[in-house]
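Engineer: Note that the sequence shown ends on residue 264 in our numbering; no numbers are left out.
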Amino acid sequence: MQRLQRLFIIALFGAVIFVANVFLPPPINYLMIVVQAVLLALSGLFVRKIGAMYVGAVGGLLTALASPALGPFTFFFAFLFGVFVDSFLLAFKIKGSREGVNRNRLVVAMALATLLIAVASYSAFAILPQFTDLAHSTSYLSLFVHRSPMLDALVLFLGPATGATAGYAAAYLWNKYLRHISF
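#1: Give the straight-line distance between the Cα atoms of Ser-220 and Leu-142, rounded to the nearest whole angstrom.
#2: Helix or strand or just coil, what does DSSP make of Phe-99?
#3: Could you give the C-beta distance for Gly-177 and Leu-126, rounded to a whole number, given that I count them as a contact under 8 Å?
#4: Would Arg-186 pass as a contact of Gly-132 if the rule is Cβ separation under 9 Å?
#5: Hey, could you find the ends of the alpha helix (DSSP H) Met-191 is sitting in?
#6: Is DSSP giving Phe-104 helix, strand or coil here?
#7: Would you report the Cα separation of Met-231 and Pro-153, rounded to the nearest angstrom?
#8: For Gly-240, which residues from the same chain have a beta carbon less than 6 Å from its beta carbon, with the 5 sequence-adjacent residues on both sides left out?
#9: Rounding to the nearest angstrom, what Cα-Cα distance links Asn-256 and Gly-95 in this structure?
#10: Near Tyr-203, what residues of its chain come up, given a Cβ to Cβ distance below 6 Å and the 5 sequence neighbours on each side ignored?
#11: Could you give the first and the last residue of the continuous alpha helix (DSSP H) run that contains Met-231?
#12: Could you compute how far the alpha carbon of Ala-251 sits from the alpha carbon of Val-128?
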């Protein structure tokens, strides 16, 4: 039964990430990364070891199927976000238990994971194209963002700020409501 419950958590959280990414209009769905980060953190607490990777893969796959043009990028970055979350949960020794989680560790772990995914995805679409011929091609021009110091600063500030908010929310939800659920 535990396997079925874990599978349910993975499918549910992946589906919520899909809905937040696909059905909300573009400026709002980028702000919903905090929802994705909270769900990845909670999945890492519920499904030990690689729960966030599973949820990131499911959410990325569903979103990639809805927008096949950017599907490989969507899947890769959603999965990579899960890898970062699981890696930092492991590095900071954060485990979901009945006693609760250390809020400060979870906040720092999520801030670092979100900073890394923000820098990685921003680099893929703003910095790396400057060094390739893809950015000069007309068919790929709409995929790339023109780099500016303001965007650099926003990514470096909002990445960890969003992650810290998500880490705080996940720790609050776990400690207040979810720690007594057994898997």
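Ideal placement from N, C-alpha and C gives every residue a C-beta, glycine not left out.
Structural biologist: Reading off the structure:
#1: As a first step, residue 220 must be located in the sequence shown, where it is residue number 139. As a first step, residue 142 must be located in the sequence shown, where it is residue number 61. With a pLDDT of only 47 at Ser-220, under 50, the local geometry of the prediction cannot be trusted, and the value read off the model is given with reservation. Those two C-alpha atoms are separated by around 24 Å.
#2: For the purposes of this step, residue 99 is taken as the residue at position 18 of the sequence shown. In this structure, Phe-99 counts as helix in the three-state DSSP scheme.
#3: Here residue 177 is taken as the residue at index 96 of the sequence shown, counted from 1. Here residue 126 is taken as the residue at index 45 of the sequence shown, counted from 1. Going by Cβ atoms, the distance from Gly-177 to Leu-126 rounds to 3 Å, so yes, they are a contact pair.
#4: For the purposes of this step, residue 186 is taken as the residue at position 105 of the sequence shown. For the purposes of this step, residue 132 is taken as the residue at position 51 of the sequence shown. Not closer than 9 Å, so no.
#5: Taking the sequence shown and counting its residues from 1, the one referred to as residue 191 is at position 110. Its alpha helix (DSSP H) spans residues 184-203.
#6: Counting from one through the sequence shown, the residue named residue 104 turns up at place 23. Three-state result, Phe-104: coil.
#7: Here residue 231 refers to the residue found at position 150 of the sequence shown. Here residue 153 refers to the residue found at position 72 of the sequence shown. Going by the C-alpha atoms only, they are around 28 Å apart.
#8: As a first step, residue 240 is located in the sequence shown; it is residue number 159 there, counting from the start. Around Gly-240: Thr-195, Leu-196, Ala-199.
#9: To locate residue 256, count along the sequence shown from 1; it is residue 175. To locate residue 95, count along the sequence shown from 1; it is residue 14. Their Cα atoms are separated by approximately 22 Å.
#10: The residue given as residue 203 occupies position 122 in the sequence shown. Taken in chain order, the residues that qualify are Val-236.
#11: Taking the first residue of the sequence shown as position 1, residue 231 is located at position 150. Unbroken alpha helix (DSSP H) run through Met-231: 230-254.
#12: As a position in the sequence shown, residue 251 is number 170, starting the count at 1. As a position in the sequence shown, residue 128 is number 47, starting the count at 1. About 14 Å.
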